[in-house]
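Report on the following structure.
In the working numbering, the protein residues as written are 106 to 249.
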């Protein structure tokens, strides 16, 4: 696993285009998770289609959430009526419920592919990867 962390730090995510950067991050995450879970070839063949479908659903959900909730960025909350604020609270709750639904479905699907221990290690690997990415981002921002 140290090789992947080392790779993350030294390769960096310095692509010129956002799509290019996104693809590099996905590839690094894939390598990181594969190594952290110690996936066999057979497990990887079954795991990645399930996980990629989950990631795509979550990406779409987050993108829609950002579009819908721009009001939080623009301090537009103060202009909302009480009924509009209540409706927005319901929408926020709906998005959180969908996130939970997607994650629950992922875990159920993975039970047919991986051991329970590997499924638990997935959560840790995802968190560790995010932490490494944020650390690298902060280091780069500090140099600018």
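Every residue, glycine too, gets a C-beta built ideally from N, C-alpha and C.
### Query
So, residue 155 versus residue 214, is the Cβ gap smaller than 8 Å?
Against the chain shown, residue 155 aligns to sequence position 50. Against the chain shown, residue 214 aligns to sequence position 109. For residue 155 and residue 214, yes; Cβs fall inside 8 Å.
### Query
Is DSSP giving residue 229 helix, strand or coil here?
Stepping through the chain shown from its first residue, residue 229 is reached at position 124. Helix at residue 229.
### Task
Using alpha carbons as the reference points, say which of 129, 127, 133 and 225 lies closest to residue 234.
For this step, residue 234 is matched to residue 129 along the chain shown. With distances taken between Cα atoms, residue 234 lies closest to 133.
### Message
Three or more C-beta pairs under 8 Å: does that hold for the segment 179-194 against the segment 207-226?
### Response
no
### Task
Pull up the CB-CB distance for residue 148 and residue 219, whole angstroms please, since I reckon it's below 8 Å.
For the purposes of this step, residue 148 is taken as residue 43 along the chain shown, with counting starting at 1. For the purposes of this step, residue 219 is taken as residue 114 along the chain shown, with counting starting at 1. Contact flag correct, Cβ pair sits at about 6 Å.
### Query
Taking C-alpha atoms, which residue in 127, 125 and 140 lies nearest to residue 223?
Against the chain shown, residue 223 aligns to sequence position 118. Minimum Cα distance to residue 223 is reached at 140.
#### Entry: Cα-Cα separation, residue 184 to residue 144
Locating residue 184 in the chain shown gives position 79, counting from the first residue. Locating residue 144 in the chain shown gives position 39, counting from the first residue. Those two C-alpha atoms are separated by around 51 Å.
### Task
Return yes when the Cβ of residue 204 is within less than 8 Å of the Cβ of residue 166, no when it is not.
In the chain shown, the residue the question calls residue 166 occupies position 61. In the chain shown, the residue the question calls residue 204 occupies position 99. For residue 166 and residue 204, yes; Cβs fall inside 8 Å.
### Chain-order list of residues whose beta-carbon lies under 8 Å from that of residue 207 (same chain, five-residue window excluded)
If you number the chain shown from 1, residue 207 lands on position 102. 159, 162, 163 and 166, listed in sequence order.
### Task
Measure the alpha-carbon distance for residue 227 versus residue 187 and round it to whole angstroms.
Position 122 of the chain shown, counted from the start, is the residue given in the question as residue 227. Position 82 of the chain shown, counted from the start, is the residue given in the question as residue 187. Computed Cα separation, rounded: 41 Å.
### Task
Output the boundary residues of the alpha helix (DSSP H) element that contains residue 217.
As a first step, residue 217 is located in the chain shown; it is residue number 112 there, counting from the start. Element bounds for residue 217: n/a, residue is neither H nor E.
### Query
For the alpha helix (DSSP H) that contains residue 185, what are its first and last residues?
As a first step, residue 185 must be located in the chain shown, where it is residue number 80. Element bounds for residue 185: n/a, residue is neither H nor E.
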